[in-house]
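Q: So the sequence shown is residues 28 to 280, counted in our numbering.
In this text, a Cβ means the ideal position worked out from N, Cα and C, and glycines have one as well.
Below are the structure tokens for one structure; questions will follow.
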Amino acid sequence: MSQRDRIRRAFAAAPDYEGQARIQRDVADRLAARIAGLDLPATPRVLEIGCGTGFLTAALGKAGIGGDWLVTDIAAEMVERCRARLAAMGDARTLRFAVLDGEHGPAPDGPFDLVCSSLAVQWFDDAPAALARMAGWLAPGGHLVVTTLAPGSFAQWRAAHEAEGLAAGTPHFAPVEAFAALAPEALDREDHLERHPDAHAFLHALKAIGAGTSHPGHRPLGPARLRRVMARFAQSGCEVTYEVVTCHLRRAR
């Protein structure tokens, strides 16, 4: 099975995204507030990549971003959850939904005044290159605004592995410098901290939101080694850092 299929299947089967994705909800809300301050047209053409269950989609609706929307995710199950969530909210926007691989799939019909994504592109093979591709989907004056994870994410979990002479299976996130080359004047980074009651709760939360897919080539730890890593992680307080990068590109008019 390809890495792309592993990621898609994990998110498709995520049992409790709404209940466990606290950082993801907060990051989406902050991103929506930033987008709401942009000089978008009154009825923008909007493309969302990696909608998940609709945190960003809903937050942008509450912020008054209307227009013609194409809401997408690599997992059909997530697209349907997002559709159902917004329908239950009585969202009155013009929303179209589609399954789309934002990195390798065909280019959607555009152009768009806004291309946005919250905590999805870190799952791409080459996130900076994918953003450069997405920028080509913008209309003149259009904005590409995304959040993604940087290498400082899950530092405490990796440190627990290293203390035992082991390597964690956390994904290899693109460095901040790779995004700075795309948008040197419109790049922000911020640490978000999440504390879990114990190591089991941390691992359960990752699985519950579909974010437990390891990097290619990683071999899962055996029970004894995993217990030692979890004990080390507990000694650190079971706190996890999410290093969040916000990247904003704009096409010239």
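What whole-angstrom Cβ distance do V106 and F82 have, given they're in contact under 8 Å?
A: Actually they are not in contact, since the Cβ atoms of V106 and F82 sit about 14 Å apart, beyond 8 Å.
Q: P71 and G94 - do their beta-carbons sit closer together than 9 Å?
A: Closer than 9 Å, so yes.
Q: For a quick check, are the C-beta atoms of E130 and T99 less than 9 Å apart?
A: Cβ atoms of E130 and T99: not closer than 9 Å.
Q: Locate the alpha helix (DSSP H) running through W184, then write down its first and last residues.
A: That run of the alpha helix (DSSP H) goes 182 to 190.
Q: A207 to L214, Cα distance in whole Å?
A: Approximately 6 Å between the Cα atoms of the pair.
Q: Report the three-state DSSP secondary structure of C265 (helix, strand or coil).
A: Here C265 sits in coil by DSSP.
Q: Please specify which runs of the alpha helix (DSSP H), each continuous and at least 4 residues long, are wholly inside the stretch 218 to 274, giving them in chain order.
A: Runs found: 226 to 235, 250 to 262.
Q: Output the distance between the C-alpha atoms of R255 and A232, rounded to the nearest integer angstrom.
A: Going by the C-alpha atoms only, they are around 19 Å apart.
Q: Using DSSP's beta-bridge definition, name the partner residues of D215.
A: Bridge partners of D215: T273.
Q: Assuming the contact rule is C-beta atoms closer than 8 Å, L122 and W96 should be a hit. Round their C-beta distance to whole Å, please.
A: With 8 Å as the limit, L122 and W96 qualify as a contact, their Cβ atoms being about 5 Å apart.
Q: Excluding five sequence neighbours on each side, which residues of the same chain lie with their C-beta closer than 7 Å to the C-beta of A159?
A: L209, listed in sequence order.
Q: Can you check DSSP and say which residues form a bridge with A125?
A: Paired residues: T99.
Q: Looking at L176: is its Cβ nearer than 9 Å to the Cβ of E266?
A: No, the Cβ-Cβ distance between L176 and E266 is not below 9 Å.
Q: Applying the criterion that 16 or more other CB atoms from any shown protein chain within 10 Å of the CB defines a buried residue, is S29 buried or exposed?
A: The residue is exposed, with fewer than 16 neighbouring Cβ atoms inside 10 Å.
Q: For L171 versus L141, is the C-beta spacing smaller than 9 Å?
A: Their beta carbons are under 9 Å apart, which means L171 touches L141 by this criterion.
Q: Could you check what DSSP says for F38 in three-state terms: helix, strand or coil?
A: Helix.
Q: So is H199 buried or exposed if we call it buried at 16+ other beta carbons inside 10 Å?
A: Burial call: exposed.
Q: Over what stretch of residues does the alpha helix (DSSP H) that includes E45 continue unbroken?
A: Its alpha helix (DSSP H) spans residues 44 to 47.
Q: Once you ignore the five residues that flank S144 on each side, which residues in its own chain have a CB closer than 6 Å to its CB?
A: Counting only Cβ-Cβ distances below 6 Å, and skipping sequence neighbours, we find I76, G77, V173.
Q: Excluding the 5 residues flanking Q47 on each side, which residues of the same chain have their C-beta closer than 6 Å to its C-beta?
A: The residues are A232, A235, I236.
Q: Which residues mark the beginning and the end of the beta strand (DSSP E) in which R72 is found?
A: That run of the beta strand (DSSP E) goes 72 to 75.
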